[in-house]
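Colleague: All the letters of the sequence shown, read from the start, carry residue numbers 1 to 185 under the working numbering.
Backbone N, C-alpha and C fix where the C-beta goes; we use that ideal spot for every residue, glycine too.
Computed from a predicted structure; not experimentally measured.
Once you've had a glance at the structure underneath, I'll fire off some questions.
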Amino acid sequence: MSDMLLSPVLPGVMLRRWRLLHRVKQSHAAELFNVTQSTISRWESGVLELDPLAHKKLEQLLAARLTTAADQALGRMVRESSRPVHLMCDLTHRLLACSPSRAAQFTSPVSELLGRSLWRFATPNIISTELALDKLGWREAFAPPALEFLTGDNNSSIVPISQSLCRWTRMPLCDGTTARLVESL
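The structure is reproduced here in structure tokens:
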């Protein structure tokens, strides 16, 4: 399984969202994935699962990156925050930036976690909240600006999560991908 574990939302649904956001026709997506247009259609409808190579390609397309000056400024604000916050890719859960007070909670250096999915550290509460995001309209144009919930505990020695109130704020990046600001309240 890939380290950049995708959101529990079906990969085909995420492929369709990416296509619509970037105005890519199924025929062009088929060229990108080196498959037929009908394969793209079957992936998007959930009739056919993506093969491992296509899954990796989709992760690369969906992964948020802090490449532009504006996005890098966002990352800098997170890294310089005195509060326990981190920024992650909204779909792949890859760590993009981390404040010193959040990094102090980890037993692994932030440098080892940057660019890696934090999904494996999710608590049952975080998982159930993630699974409810589509019903809440999280990825829609008029999505709620933020979501607050209790995290629960994970008993991880690498990225420990203790029961606390957490806020997720979805932030669009310049390339159309989204990041999620995660705050402990």
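Determine the extent of the beta strand (DSSP E) in which V182 is found, giving its start and end residues.
Modeller: T178 to S184
Colleague: Quick one: Cα of A29 to Cα of L21, how far?
Modeller: 13 angstroms
Colleague: Please list, in chain order, all residues of the same chain as D3 whose beta carbon is under 7 angstroms from its beta carbon, the five residues on each side excluded.
Modeller: Caution applies to D3, whose pLDDT of 42 falls short of 50 and renders its modelled position unreliable; the value that the coordinates give is listed next. So the list reads R116 and S117, once near-sequence residues are dropped.
Colleague: For A69, which option in S111, R180, E183 and D175 has the closest C-alpha, if you only look at C-alpha atoms?
Modeller: D175
Colleague: Any contact between the segment 48-55 and the segment 72-86? By contact I mean 3 or more CB pairs, one from each, below 8 angstroms.
Modeller: no
Colleague: In the DSSP assignment, the alpha helix (DSSP H) including L150 goes from what residue to what residue?
Modeller: Premise fails: L150 lies in the beta strand (DSSP E), A146 to L150, not in any alpha helix (DSSP H).
Colleague: How far does the alpha helix (DSSP H) with P11 in it reach, from first residue to last?
Modeller: P11 to H22
Colleague: Could you tell me the alpha carbon to alpha carbon distance between S134 and I158, rounded to whole angstroms?
Modeller: Inspection of the sequence shows that residue 134 is occupied by Asp rather than by Ser. Each residue's Cα considered, the two are about 29 angstroms apart.
Colleague: Let me make sure I understand the geometry here. Which of L66, F33 and W119 has the alpha-carbon closest to that of N154?
Modeller: W119
Colleague: Thinking A146 and R167 are a contact (beta carbons under 8 angstroms), I'd like their distance in whole angstroms, please.
Modeller: 5 angstroms
Colleague: Classify R83 as buried or exposed, calling it buried when 16 or more other Cβ atoms lie within 10 Å of its own Cβ.
Modeller: Label assigned to R83: exposed.
Colleague: When DSSP builds the beta bridges, which residues end up paired with S117?
Modeller: Paired residue(s): R94.
Colleague: Between the Cα of K165 and the Cα atoms of M171, L48, T178 and L150, which residue gives the shortest distance?
Modeller: Note that residue 165 is Leu in the sequence shown, not Lys. Out of M171, L48, T178 and L150, L150 has the C-alpha closest to the C-alpha of L165.
Colleague: Identify every residue that forms a DSSP beta bridge with R167.
Modeller: E148 and E183
Colleague: With distances taken between CB atoms, is the gap from R79 to S108 smaller than 8 angstroms?
Modeller: no
Colleague: Pull up the distance between the alpha-carbon of T169 and that of A104, whole angstroms please.
Modeller: Going by the C-alpha atoms only, they are around 22 angstroms apart.
Colleague: From W43 to R17, what does the alpha carbon distance come to, in whole angstroms?
Modeller: 12 angstroms
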